[in-house]
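**Q** Quick one: structure below, then a few questions.
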Amino acid sequence: MSPPAARAATRPRRPLYQKYFIALFAAVVVPLLINGASEAWFGYRDQRSSLSQQLHAEARSAAAKIQGFLDDIADQLQWTVQLPWREGMDERHRFDVLRLLRQVPAVLEVTLVDGNGIERLHVSRVETDVVNSGVDRSNDPAAIGARTSRIWYGPVTLYAGSEPHMTVAVAGAREINGITIAVINLKLIWDVISAIHVGQSGDAFVLDRSGRLVAHPDISLVLRGDDDPAAARLKQLQQVAIAGGGETAEGSNAESRWVIAAMAPIPGPNWMAFVEQPASEALTPIREALWRTGLLLLVGALFAAMLAYFLARRMTGPIALLEKGAEEIGAGHFDHKIEISTGDELQGLAQRFNDMAVELAVSQERSERIARLKRFLSPQVAELVEGSDQEALLDSHRAEVVVIFCDLRGFTSFSGAAAPEEVMGLLQEYYEALGAIITRYEATLTCFMGDGLMLLLNAPVPCPEPALRGVRMAAEMQASVQSLITRWRARGHIVGFGVGLAKGQATVGRIGYEGRSDYTAIGNVVNLAQRICAAAEDGQILIDATVTEEVGDAFALAPLGTRPLRGFAEGVPVFSVKQDLPRAGFEERAQTMGERWIT
Amino acid sequence: MVARPEHPGQHLERAYSEATAQRLGITTEYFPTRNRDELTAALAAIAENPPQAISVFADVFTMQNREEIIDFATSRHIPVISGWPEFAQSGALCTYGPSLDASYRRLAYYVDRILTGAKPADLPIERPTKFELVLNLKAAKALGITIPQSVETRADRVIE
């Protein structure tokens, strides 16, 4: 289990939930955005072009109406040039003119010129008639124009600075029919112009080539003259339109509103008809479409956010549970169950985690049990006991065991004299050396006290030829410890090592209480082995008769006769195992210490 | 010429009439009538020296008293001409002047512009576009005058 500090360090910087949320959100919103933006752009372009087309159509229609108005007047004027100027035709011509005035309210005055260009009749609504004035009008631009192009349109002039007049001249089919020059009051065009409506608030107006306002729904603009700022704005608009070619123009109209305008020519008098629509109105469909797209985008984004939120939750929820579960299990809470029921791999994973936790729990329990056993059993035996689930092996029963005792000679005095660190250090080396051997021979260590150990063979797990094994082990122990003793002697620590073995029936089993129990053997053989060990001098391995029977062939034995041992009424035959040990120094040690080896 | 001098533009009408009359070789006499007393005096003066025709300048005062003037003239076989059709309806021989209906419509336009905030000084002055010629053939018959075809042709309205 890693410490909390390390755990915190490996915690992800950005939560998985955030990443999923952003990814899902982007996955929905980005296509939406792209789609919306491209739709808006293309929609705008389409709308603009359709608006342009519509305005142009309206402009052409307005131009046609104006042209129609002028054509009507010209047609009516034609009536007056159908008769030739001959003798006696004056009255007839006069009649024609009077009826013309009656018929066409737009005509203010008419001048009839004969085939030679001489003025023959002048009739006006506000002046007295002039008959046969004799004025030569052949150089009048009106007359010249009419002669060349049948219908001549003069420039728009402002009578008295405010009334728009235009001269129209019409020539007859034959030169002798003469020419009619009429002055038209263009205010009547106003009726035509003001009837033209485009959309909600669009209208039409007419400018001549030079930019002067000829007709406008607000007639007062026309009458105001050239230096009016409104008229100047319209002139500006016209210039923009001309510069733009066939495109619609944008600019300020007479009322200073921003408009989109289209232009169509009126060929006869060389005027231009304009149709304007306030930009706000014209672009309304575009604006609305944009708003719609924007709203849709917003709704889509909201939806995407919600979707992303829920999906991310669903994804990361189980993962968070797994993470927590792993944490709990890692902390040792093996009974923590991860509950995931999404029906997918995550649920499977959770199940695996739970199984793992159960197994970890079992394994941990087992490890603890083994650890407990290993305190006295050799690792192999502990595993065996634990693995085969043979706890029953540890139960009390009688068995033929080999008991081995060993301890250090002269340790008591040494430990009294030496510093505590030296004592512990020496013991450490001693146990390390012995421990390795014990483990290898799979002997059961039942207890150790200070410098002495008690070992069992053939319990709790039976082993083949326990006595032989025991003696072999003892021999190895002696060899190992003796080399240690040599080293210690160099440091000035004088100790010896003796081993005693005995074999016999004993009761083996666990004794103790809950939480602290030890495995041990109870019986005569235990005491025997202990006394035999006590009798062993430094470097000796003493064995009893029973052991001797078993190992007689394998090892060279030296019978030491019967020894009186405390606790035994009769003497016990003891044998010594011959070993190849450097025996040098034993006598010295014995002499130096001057001690009884028998402790 | 019978006219009320205070009528706006009256002096123009008078000057124009006198100039045209001079061109046509007609002598004119001018009788200003501000009120009924002056009118009575003018009519009395006219009675002493009957003209060939009377031109009544159209204005509110003369409108109100047109019956009197026209009856006075008709009883003396003097044709009356004026500017507004109402005079023809009351017995004047013929009237020629701007169409009041059209003028009133334009008047409404000006009122609208001023009410929406335009300054009167900014609004242009408009001349009349439509003119009306009204003939009273009944009066002509009574006066024993034959109206020439050309004039009849030009008439916008004829009162039989």
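Here the protein sequences come in this chain order: A and B. Take the first sequence: its letters are residues 0 to 598, numbered as in numbering that gives the first Met the number 0. Take the second sequence: its letters are residues 0 to 159, numbered as in numbering that gives the first Met the number 0. Where is the CB? At the ideal position from N, CA and C, for every residue including glycine.
(1) For the region 159–189 of chain A, which residues have a beta carbon sitting closer than 7 Å to at least one beta carbon of chain B?
(2) Excluding five sequence neighbours on each side, which residues of the same chain lie with their C-beta closer than 7 Å to the C-beta of LEU483(A)?
(3) Could you compute how far the alpha carbon of ASP155(B) sits from the alpha carbon of GLU174(A)?
(4) Figure out for me which residue from ARG22(B), ILE45(B), LEU23(B) and ASP36(B) has the closest Cα to the Cα of TYR163(B).
(5) Just the chain A side, please: which residues come within less than 9 Å of PRO147(B) by C-beta, in chain order?
(6) Give me the Cα-Cα distance between ALA39(A) and MET165(A), rounded to the nearest whole angstrom.
(7) Between VAL205(A) and GLN276(A), how many whole angstroms is the CB-CB distance? I'm expecting something under 8 Å.
(8) Cα-Cα, which of PRO127(B), ALA20(B) and PRO78(B) is closest to SER102(B)?
(9) Hey, quick one: how far does the alpha helix (DSSP H) through GLN477(A) stretch, first residue to last?
(10) Tell me whether ARG312(A) sits in a helix, a strand or coil according to DSSP, three-state version.
(11) Per the DSSP calculation, ASN184(A) is bridged to which residue(s)?
(12) Looking at the structure shown, is GLY114(A) part of a helix, part of a strand, or coil, going by DSSP?
(13) Below 6 Å CB to CB, which residues in the same chain sit around ALA181(A) once its five sequence neighbours on both sides are set aside?
(14) For the region 92–115 of chain A, list every residue whose C-beta sits within 7 Å of some C-beta in chain B, in sequence order.
(15) Can you list the residues of chain A that ARG126(B) reaches, using a CB-CB cut of under 7 Å?
(16) Let's test the definition: count the other Cβ atoms within 10 Å of the Cβ of VAL29(A) and tell me whether it reaches 16, buried, or not, exposed.
(17) Using 8 Å as the Cβ pair cut-off and three pairs as the minimum, do the region 306–313 of chain A and the region 65–74 of chain A touch?
(18) From this set, VAL213(A), GLU287(A) and VAL129(A), which residue's C-alpha is nearest ALA272(A)'s C-alpha?
(19) From which residue to which residue does the alpha helix (DSSP H) around LYS64(A) run?
(20) List, in chain order, every chain A residue whose beta-carbon is nearer than 7 Å to that of LYS129(B).
(21) Whole-angstrom Cβ separation of VAL576(A) and ARG562(A), contact assumed at under 8 Å?
(22) Roughly how many angstroms lie between the CA atoms of ASP45(A) and GLU246(A), to the nearest whole one?
(23) Is the Cβ-Cβ distance between LEU99(B) and PHE71(B) less than 8 Å?
(24) At a Cβ threshold of 8 Å, is SER219(A) touching chain B?
(25) Kindly indicate if chain B contains any beta-carbon less than 8 Å away from that of ARG59(A).
(26) Buried or exposed: ASN131(A), going by 16 or more other Cβ atoms within 10 Å of its Cβ?
(27) Within the 8 Å Cβ cut-off, does THR127(A) reach chain B?
(28) Using a Cβ-Cβ distance under 8 Å, would ARG256(A) count as near chain B?
(29) Where are the beta strand (DSSP E) runs, 3 residues long or more, that stay fully inside the region 363–425 of chain A, in chain order?
(30) In the structure shown, what three-state DSSP assignment does TYR440(A) receive?
(31) Please report how far the alpha carbon of GLU86(A) lies from the alpha carbon of ARG59(A), in whole angstroms.
(32) Label LEU282(A) either buried or exposed according to how many other C-beta atoms from any shown protein chain fall within 10 Å of its C-beta, with 16 as the threshold for buried.
(33) Can you pull the DSSP bridge partners for ASP517(A)?
(34) Evaluate LYS118(B) with the Cβ neighbour count: other Cβ atoms within 10 Å of its Cβ, from every protein chain shown; 16 or more gives buried, anything less gives exposed.
(35) In the DSSP assignment, find the unbroken alpha helix (DSSP H) run with MET453(A) in it and report its ends.
(36) Please look up how many angstroms separate the CB atoms of ALA520(A) and VAL400(A), rounded, as I've assumed it's under 8 Å.
**A** From the atom records:
(1) Residues of the region 159–189 of chain A with a C-beta atom less than 7 Å from some C-beta of chain B are SER161, GLU162, ASN184, LYS186 and LEU187, listed in chain order.
(2) These residues qualify, in order along the chain: GLU428, TYR429 and ALA432.
(3) Just so you know, the alpha carbons of ASP155(B) and GLU174(A) end up roughly 33 Å apart.
(4) One cannot answer for residue 163(B) here, as it falls past the ends of chain B, which runs 0 to 159.
(5) In chain A, no part has a C-beta under 9 Å from the C-beta of PRO147(B); the shortest such distance is about 10 Å.
(6) Here the alpha carbons of MET165(A) and ALA39(A) stand approximately 48 Å from one another.
(7) No, VAL205(A) and GLN276(A) are not in contact; Cβ-Cβ is about 16 Å, not under 8 Å.
(8) It is PRO127(B).
(9) Note, GLN477(A): alpha helix (DSSP H), 465–490.
(10) Correct three-state label for ARG312(A): helix.
(11) DSSP, once it has assigned bridges, lists HIS164(A) as partnering ASN184(A).
(12) Three-state DSSP puts GLY114(A) in coil, outside helix and strand.
(13) Same-chain partners within the cutoff: LEU76, VAL106, VAL109 and VAL167.
(14) From the region 92–115 of chain A, only ARG93, PHE94, LEU97, ARG98, LEU100, ARG101 and PRO104 have a Cβ closer than 7 Å to chain B.
(15) What ARG126(B) touches in chain A: GLU162.
(16) Exposed.
(17) As far as the Cβ criterion goes, the region 306–313 of chain A does not touch the region 65–74 of chain A, which means the pair count is below three.
(18) Comparing Cα positions, the closest option is VAL213(A).
(19) Residues 15–77.
(20) Ordered by position in chain A, the residues that pass the 7 Å Cβ test against LYS129(B) are PRO104.
(21) VAL576(A) to ARG562(A), Cβ: 15 Å. No contact.
(22) Those two C-alpha atoms are separated by around 14 Å.
(23) Their beta carbons are not under 8 Å apart, which means LEU99(B) does not touch PHE71(B) by this criterion.
(24) Output row for SER219(A): interface = yes.
(25) By this cut-off, ARG59(A) is not an interface position.
(26) So ASN131(A) ends up on the exposed side.
(27) It does: the Cβ of THR127(A) has a partner Cβ on chain B nearer than 8 Å.
(28) It does not: the Cβ of ARG256(A) has no partner Cβ on chain B nearer than 8 Å.
(29) With a minimum length of 3 residues, the unbroken runs of beta strand (DSSP E) contained wholly in the region 363–425 of chain A fall at 396–408.
(30) Here TYR440(A) sits in helix by DSSP.
(31) Using only the alpha carbons, I get a separation of about 46 Å.
(32) LEU282(A) is buried by the Cβ-count criterion.
(33) Note: ASP517(A) sits in a beta bridge opposite ILE510(A).
(34) Classification for LYS118(B): exposed.
(35) Under the DSSP assignment, MET453(A) falls outside any alpha helix (DSSP H), being part of the beta strand (DSSP E) whose first and last residues are 451–456.
(36) Contact flag correct, Cβ pair sits at about 6 Å.
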